[in-house]
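*Asks:* In this note's numbering, the protein residues as written are 6 to 187.
Note that beta-carbon positions come from the ideal geometry of N, C-alpha and C, so glycine has one too.
1. Straight-line CA distance for residue 67 to residue 59?
2. Assign residue 126 to one of three DSSP states: helix, strand, or coil.
3. Report the residue ranges of all alpha helix (DSSP H) runs contained in full by the segment 69-129; include only those spanning at least 4 residues, in chain order.
4. Decide yes or no for the touch test of the segment 73-86 against the segment 156-163: beta carbon pairs closer than 8 Å, at least 3 of them.
5. Looking at the structure shown, is residue 164 part of a helix, part of a strand, or coil, going by DSSP?
6. How far does the alpha helix (DSSP H) with residue 173 in it extend, from its first residue to its last?
7. Is the beta carbon of residue 107 closer than 8 Å to that of residue 121?
8. Work out the CA separation of residue 48 and residue 180 for me, nearest whole Å.
9. Can you tell me which residues form a DSSP beta bridge with residue 135?
10. Grouping DSSP H, G and I as helix and E and B as strand, with all else coil, what is residue 140?
11. Which residue marks the beginning of the beta strand (DSSP E) containing residue 157, and which one marks its end?
12. In chain order, what residues of the same chain lie with their CB nearer than 6 Å to the CB of residue 127, ignoring the 5 residues before and after it?
13. Since residue 88 and residue 137 should fall inside the 8 Å C-beta cutoff, what is the C-beta to C-beta distance between them, to a whole number of angstroms?
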């Protein structure tokens with residue numbers, strides 16, 4: 006049995022190397038900042054508040070977004086609100102996998118786009134979006150109406166928040182879903 010498992014793992018690793026595609030690199034002289042390869046934490050611990058979700062480290066968020074996230078968590082804690090970062094920064098590959106999974110689940114790219122955007126359109130890939138759990142914590146953030154720079158953007162995603170310092174003046178109107186943001 007151990008030999009069969011070893012052979013299977015060896016085969017899978019070999020196939021992974023065979024099909025690995027190097028990310029696109031810039032042409033000589035082009036400005037380039039590679040944030041897309043910073044990945045979210047697929048191995049994050051479970052959220053202590055709700056085991057259905059993870060609580061990943063906010064790795065890969067833009068510097069100003071990371072500072073705003075840490076500030077938000079501190080202000081929430083001061084009001085005895087506990088929250089988990091279920092999903093933050095995603096690499097382009099993670100986002101594409103999420104999108105492909107949604108296409109299989111919903112049957113078309115248009116339907117999938119209501120819930121998951123392509124890597125080019127996703128603010129998770131840009132490092133400015135987070136998914137907050139549990140929903141009681143997300144609700145606390147939403148009730149702040151942008152006071153901390155975070156706003157819920159989609160009516161069908163009560164966990165999804167995006168950071169923009171201009172939101173401190175109040176949140177923009179919510180869009181029905183992610184597809185409406187394109």
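*Replies:* Quick look at the numbers:
1. Here residue 67 is taken as the residue at index 62 of the chain shown, counted from 1. Here residue 59 is taken as the residue at index 54 of the chain shown, counted from 1. Cα-Cα distance, rounded: 20 Å.
2. Stepping through the chain shown from its first residue, residue 126 is reached at position 121. Taken through DSSP and simplified to helix, strand or coil, residue 126 comes out as coil.
3. Entirely contained in the segment 69-129, the alpha helix (DSSP H) runs reaching 4 residues are, in chain order, 97-111, 114-117.
4. No: the two stretches stay apart, fewer than three of their Cβ pairs being nearer than 8 Å.
5. As a working mapping, residue 164 is identified with position 159 in the chain shown. Looking at residue 164 - three-state DSSP - the assignment turns out to be coil, as it is neither helix nor strand.
6. By 1-based counting over the chain shown, the position of residue 173 is 168. No alpha helix (DSSP H) contains residue 173, which DSSP labels as neither H nor E.
7. The count along the chain shown starts at 1 and reaches residue 121 at position 116. The count along the chain shown starts at 1 and reaches residue 107 at position 102. Yes, they are a contact pair.
8. Counting from one through the chain shown, the residue named residue 180 turns up at place 175. Counting from one through the chain shown, the residue named residue 48 turns up at place 43. Taking the straight line joining both Cα atoms gives about 31 Å.
9. Residue 135 sits at position 130 when you count from the first residue of the chain shown. Note: residue 135 sits in a beta bridge opposite 166.
10. Walking along the chain shown from the start, residue 140 turns up at place 135. The answer is helix: DSSP assigns residue 140 an H, G or I state.
11. Taking the chain shown and counting its residues from 1, one reaches residue 157 at position 152. Taken as a continuous stretch (DSSP letters only), the beta strand (DSSP E) holding residue 157 covers 155-157.
12. For this step, residue 127 is matched to residue 122 along the chain shown. Only 100 meet the Cβ criterion.
13. Within the chain shown, numbered from 1, the residue matching residue 88 stands at position 83. Within the chain shown, numbered from 1, the residue matching residue 137 stands at position 132. About 5 Å; that satisfies the 8 Å criterion.
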